[in-house]
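If you read the protein sequences in the order shown, they are chains A and B.
Just so you know, we're using my numbering here: the first sequence kicks off at 1 and counts up by one.
Just so you know, we're using my numbering here: the second sequence kicks off at 1 and counts up by one.
Think of the CB as a built atom: it goes at the ideal place given N, C-alpha and C, for glycine as much as any other residue.
These numbers were taken from a predicted model, which means no experiment stands behind them.
These notes concern the structure reproduced below.
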Amino acid sequence: MSDNSQVTAEDVQERAGIDRSVRFPVMFFFTSAAVWLFVATLFGFLSALKLAVPALWADCQFLGYGRLFPAHMTALVYGWAMQAGIGVMLWLVARLTRVEMTKAKAVIVAGHVWNFAVGLAVFAIWIGKGRSIPWLDFPGWMWMLFALSYLMMVVWVIPMFRVRRTGDVYISEYYVIGAAVWFPWIFITANVLINRGAAPVMAAGAAGWFVTNLIYFWFAPIALAVAYYIVPKIAGRPIFSYPLAKLGFWTLAILAGWTGFQRFMGGPFPAWMPALSGAATLFILIAVVATCTNLLMTLKGRQKLWEYSPSLRFTMFGMLMFAIYGVLAGMSSFFSVGKVLQFSHFLVGLDTLAVYGFFSMTIFGAMYFIVPRVTGCEWVSGGMIRWHFWFSAYGILTLVGVMLVGGLAQGGNMADLDQRFAVSVGNSQGYVIGRICAWFLIGISNLWFVYQMGLMFLGKGRKSEGPTLIHGEPGKSAEAAAGLNPENA
Amino acid sequence: MSDHDHDQNLDYEAGTASVVDMHDAVKREKVLQPSGHEPMGVTALVLCAMALIGGGIVFGHNNGFSSSIYVQDFYTPEPPPSEDGAAAADENVAWIDKWMKDGKKVYNNCIACHQPDGLGAPGQFPPLVGSEWVDGGTERLGAIMLNGIAGPFTVAGQSYNQAMPAWNGLSDEKIAQVVTYIRREFGTLPEGQDGVVTTEMIEAARELYGGKPTWDEGGLLAIPEDAMLPGAKVDLQTGEPIQ
């Protein structure tokens, strides 16, 4: 990292070279992820609709909730979230190590295998070959396809990190390299346990463990790597505190693997397992506090940029959702709260908050930053970015709100032994309608996003100078629009 | 899904591009500066401490790392309501049924030796079923409960050399309940007796024998075989004393 905060011609040339070396894999992952996001949103909307009006298309087995919802989750997690995350990961590693990517073709080939696997998984679930294991719904043998193509895509970041041309290891590098190596561990462990004859109770435990671990060991580190990169870049400031950022990293690294079993409190596990997982989920709040403090202090005095820079706005919203996710997950780890919420709509809302509210919003921020740099043209319209943001924000907040309140109501009804089960179903109908509205809003927001991403992919972006801002004239810098002086301190 | 030919915007070749030709997004980008090393604020420390305390509360209720404990504190499921509704049933239960139910709970202390069926273990622990000490007067039984007994002694024609500890740590009410339970459940009661021992009777027994050393067989035999503890009989339905 240069000690000088002035941009030099060599810096610019080097950055352009690095961006050029990763442009094909990155754009490949971003555009295919955007298409999967659209598919996932469609499945999500239809599954929410089926929950509210079960009689709708009742004779068509392909439109049952039991197939639509797992197909939605598989497309969302493996099609959209992981692919977008891998694209961001490759670009970040190339930028942070200052090493050009030389294996772009191999990555793209592996990326095609991954897309084929996602398509096959969604199709298999759709025709009724799903397994009803949360986030691992695809037929058992397919996990090797995912594992192999992941390794083929991501293994290149290790040699790039080894030959890095920078002295200090930047904090985002910790997170992104961590995520790269943690995923194979949790994915292979969970699948081997489930497919190779673990006791059924243990298999259920492994599935719950995999869900929270994918969130804390993969989604969270990549989102935090993005935030620790985007915020200083946009603000033109150094990170507030390196030790605090490392505290957050090691908290996640040490504790994330212990989470997951709190989803089975009161279940047939020795009592210490849910208790330990619940405690770990609460301890992880230290990482949340460290990250939020660090980012807010970095941005202090320059928060106004939030109104103009799309990257900063999406990233900071994602970090806000990270904090909310951490608090809600911690809250439901208390037995008194968790026993009401554990079998209710709340869990669906919590998982969606992690994938869409927190991870995806941060990744949108990264994409709004990365795509103009690798394609050489600017986003078409600040207005569309604004719509994308507000429809997404209202959608995810609606979803989390109704699923939390609805989950409390539904769980409370189920715990009341004097009431018939049908009462809990009937009383949650109103909240299910809220879920439809949420997915409708998210669907609209993604239309703007997919349209813009398509234009960028086809090279039809704006060619003029200057960034596309959420408000204000295109061509002005975010700082000028916000009325702030460029700061080099 | 990808199309590798759409790079017409990237019209520079590796190494030959001059800065002027670069597109604006790369040029306007700021340099990533070396990270700061500021200390953690007080608010952040307090929030972290709260997270640790919360985690400690959750972890503190885990009953240790036992592989055989499955129920967490605070997570005891409520018993299902009876068919008539729990509240209504409560009013109709006779006093003696509740007294016996509570006595059965106290008897959990005894099952390790005397067994749930009251038959004991032949040669090792004496039975309660068919035992002259249970069927006889309540004074001997109360005396054993309060001070324990050390062998050898004879029960139902068989000799035992075991020691039973004193149970004087239990409240008078609990001793009354468990003695009632074993007499009605395991004993063969003489004609005209209901087998009930009240709290008042155990109070009387404590006055007589409280603080005495552990019995041996000779000392116990000195108490008359059919001596009953003093106290009013009670109505089995209401639990009120009968004058």
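By the criterion of a C-beta distance shorter than 7 Å, residue 67/A is surrounded in its chain by 125, 126, 128 and 130, once the five residues flanking it on both sides are discounted.
In the same chain as residue 213/B, and ignoring 5 residues on each side of it, no C-beta atom comes closer than 6 Å to its own. With respect to chain B, the C-beta atom of residue 433/A has no partner C-beta closer than 8 Å.
Taking 8 Å as the Cβ-Cβ cut-off, the stretch 26-43 of chain B approaches chain A at 26, 27, 28, 29, 30, 31, 32, 33, 34, 35, 36, 37, 38, 39, 40, 41 and 43, given in chain order. In the displayed model, residue 277/A falls within a helix according to three-state DSSP. Proximity of chain B to residue 200/A at the Cβ level (cut-off 8 Å) is not reached, the minimal Cβ distance being about 16 Å. With 16 or more neighbouring CB atoms inside 10 Å of its own CB, residue 238/A falls in the buried class.
Closer than 7 Å at the C-beta level to chain B, one finds these residues of the stretch 220-234 of chain A: 232 and 233. Scanning 140/A, 182/A and 139/A for the CA closest to the CA of residue 158/A turns up 182/A. Classified as exposed, residue 37/B has fewer than 16 neighbouring CB atoms from the shown chains inside 10 Å of its CB. For residue 315/A, not one C-beta of chain B is nearer than 8 Å to its own C-beta.
At a cut-off of 8 Å between beta carbons, residue 11/A contacts chain B. Between residue 145/B and residue 175/B, the CB-CB gap stays under 8 Å. Three or more beta-carbon pairs separated by less than 8 Å link the stretch 200-207 of chain A to the stretch 268-277 of chain A, which places the two stretches in contact.
According to the DSSP assignment, residue 174/A belongs to the alpha helix (DSSP H) that extends over 171-195.
If the five residues before and after residue 68/B are omitted, its C-beta is found closer than 8 Å to no C-beta atom of its own chain. Its chain contains 91 as the residues whose beta carbon lies nearer than 6 Å to that of residue 370/A, once the 5 sequence neighbours on both sides are disregarded; these appear in chain order. By the Cβ rule, the stretch 413-426 of chain A does not count as touching the stretch 26-42 of chain A, because fewer than three pairs are nearer than 8 Å.
Residue 160/B and residue 127/B have their C-alpha atoms spaced approximately 10 Å apart. For residue 196/B, no alpha helix (DSSP H) encloses it, and the DSSP letter there is neither H nor E.
Around the beta-carbon of residue 471/A, fewer than 16 other beta-carbon atoms lie within 10 Å, marking it exposed.
Leaving aside the five residues that flank residue 143/B on each side, the residues in its chain whose CB is nearer than 6 Å to its CB run, in chain order, 209. Judged by DSSP secondary structure, residue 154/B falls within the beta strand (DSSP E) whose first and last residues are 153-155. In the DSSP annotation of this structure, the continuous segment of the beta strand (DSSP E) that includes residue 160/B starts and ends at 158-160. Selection 73/A, 47/A, 417/A and 195/A evaluated against residue 351/A yields 73/A as nearest (Cα-Cα).
Note on geometry: alpha-carbon atoms of residue 121/B and residue 348/A lie some 55 Å from one another. Using a Cβ-Cβ cut-off of 8 Å, residue 325/A does not count as an interface residue toward chain B, since no Cβ of chain B sits closer than that to its own. Secondary structure remark: continuous alpha helix (DSSP H) runs of at least 4 residues inside the stretch 98-175 of chain B, in chain order: 111-114, 132-135 and 138-147. In the structure shown, residue 378/A falls within a strand segment according to DSSP collapsed to helix, strand and coil. A distance below 7 Å between beta-carbons, with the five flanking residues on each side excluded, links residue 393/A to the following residues of its chain, in chain order: 317. Beta-carbon to beta-carbon, residue 241/A and residue 258/A are separated by about 26 Å, too far to satisfy the 8 Å threshold. Between the C-alpha atoms of residue 223/A and residue 357/A there is a straight-line separation of about 11 Å. Comparing C-alpha distances from residue 77/A to each of 464/A, 354/A and 290/A shows the shortest one belongs to 354/A. Ranked by Cα distance from residue 220/A, the options 265/A, 179/A, 235/A and 245/A are led by 179/A. For residue 56/B, the closest C-alpha among the options 62/A, 263/A and 282/A is that of 282/A.
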